[in-house]
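Participant: Just so we're aligned: the sequence shown equals residues 1 to 251 in full-length UniProt numbering. All residues carry an ideal CB built from backbone N, CA and C; glycine is no exception. One structure follows; several queries about it will come next.
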Amino acid sequence: MEKLVVLRLRAREGHSRVEVSPQASLAEVYARVSEQLRLPRDALEIFLDQRHRERLPASPEVTVAKAALPTGALLFIKTDASATIAAVPLQHAAPMTTADLPPETATKNLSSPSSSSASSSAYQGGQGASAGSGDSGVAGVNFKSFDAFLRERKFAVNDLPGCTSYKPRRLEAGRMNKIPTTVTLKHQVYRHVDHLEMMNVEDVKNFVRFWQEDLQMLQQRFGYMFGYYVEDPHYPDGIRAVCEAIYEPPQ
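In structure tokens form, the structure reads like this:
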């Protein structure tokens, strides 16, 4: 089986790649790139360098092997057109009818004033009621007021100005406003690294140069840094991140 040649593509929209046969002509490469990037064939130019000086000819007689394009060769795409994205039709869900609703169960009137005080205890026993509610297995929904939600978490809001009228209050600059205590869900396992080391400086330069020269610093770009963590002896319990490569996904 003939081994295919993988060609990397760098366009304005991001990075991509195509697989072609070594015996494929350069005209077929242009057609394959046009199909991959969804760009018009007549508005597409392929170059071998980032400064767009050495153009790859779209010759139907020269093959990939004769052009000496190895696997992993980086081609730079220049075009004034924008990539066309095919619209995907939306699938609308069927409207719900009353037959789709679960059967109603006899529950107490939860809109009464006494329901807010007993909402916490009713919520705790809600799971047990649903498990032993008979053959239907359906339990009533326990609604909880916003005041009860705040009281369970001990958020003191009664002493805030304007809490009885529920009208927006204009905050004055420089004054301390009472807010709930900070809640930490989970501490991060590793703190921010003390030092970032780049093993391949040329990758970083190419990453920044493409943003500065090709995009004229008008668009934001991002990339994934792949590497590992090592101990940094220059800091107490120091952590150094070593970046081996940068992967820039299509954007």
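Closest to alanine 11 by CA distance: which of Ala81, Val5, Thr63 and Glu2 is it?
Facilitator: Ala81
Participant: Run through DSSP, which three-state label would aspartate 214 get?
Facilitator: helix
Participant: Can you list, in chain order, the residues of its chain whose CB lies under 7 Å from that of arginine 41, leaving out five sequence neighbours each side?
Facilitator: Take arginine 41, set aside five residues on each side of it, and the residues of its chain with a beta-carbon closer than 7 Å to its own are Tyr30, Ala31 and Ser34, in chain order.
Participant: Alpha carbon to alpha carbon, how far is methionine 198 from glutamate 61?
Facilitator: 43 Å
Participant: Just to confirm my understanding: we take isoleucine 246, look at its own chain, exclude 5 residues before and 5 after, and list those with CB closer than 8 Å. What are they?
Facilitator: Asp203, Val204, Phe207, Gly223, Tyr224, Met225 and Phe226
Participant: For glutamate 231, which of helix, strand or coil comes out of DSSP?
Facilitator: strand
Participant: Assuming contact is defined by CB atoms lying nearer than 9 Å, are glutamate 13 and valine 20 in contact in what I supplied?
Facilitator: no
Participant: From the DSSP secondary-structure annotation, give me the bridge partner or partners of threonine 63.
Facilitator: Under DSSP, threonine 63 shares a beta bridge with Ser25.
Participant: What residue range is occupied by the uninterrupted alpha helix (DSSP H) comprising phenylalanine 207?
Facilitator: 201-209
Participant: Locate the beta strand (DSSP E) running through alanine 68, then write down its first and last residues.
Facilitator: Element bounds for alanine 68: n/a, residue is neither H nor E.
Participant: Compute the Euclidean distance between the alpha carbons of aspartate 49 and isoleucine 239, then round it to the nearest angstrom.
Facilitator: Each residue's alpha carbon lies about 38 Å from the other.
Participant: For the beta strand (DSSP E) that valine 5 lies in, which residues bound it at each end?
Facilitator: 5-11
Participant: For threonine 79, is the classification buried or exposed, using 16 other Cβ atoms within 10 angstroms of its Cβ as the cut-off for buried?
Facilitator: buried
Participant: Can you list, in chain order, the residues of its chain with a C-beta nearer than 8 Å to that of glutamate 231? Leave out the 5 residues immediately preceding and following it.
Facilitator: Gly238, Ile239 and Arg240
Participant: Using the C-alpha atoms, what's the distance from valine 242 back to tyrosine 229?
Facilitator: 6 Å
Participant: Determine the extent of the beta strand (DSSP E) in which phenylalanine 47 is found, giving its start and end residues.
Facilitator: 45-47
Participant: State the DSSP-derived secondary structure class of alanine 241, mapped to helix, strand or coil.
Facilitator: strand
Participant: Going by DSSP, what residue range makes up the beta strand (DSSP E) through valine 20?
Facilitator: Unbroken beta strand (DSSP E) run through valine 20: 14-20.
Participant: Do you know offhand how far alanine 106's Cα is from glutamate 152's?
Facilitator: Low confidence applies to alanine 106: its pLDDT is 43, below 50, so where it sits in the model is not reliable, and the reading given next is rough at best. When rounded, the distance between both Cα atoms is 27 Å.
Participant: In terms of residue numbering, what span does the beta strand (DSSP E) encompassing leucine 56 cover?
Facilitator: For leucine 56, there is no enclosing beta strand (DSSP E), as DSSP gives it neither H nor E.
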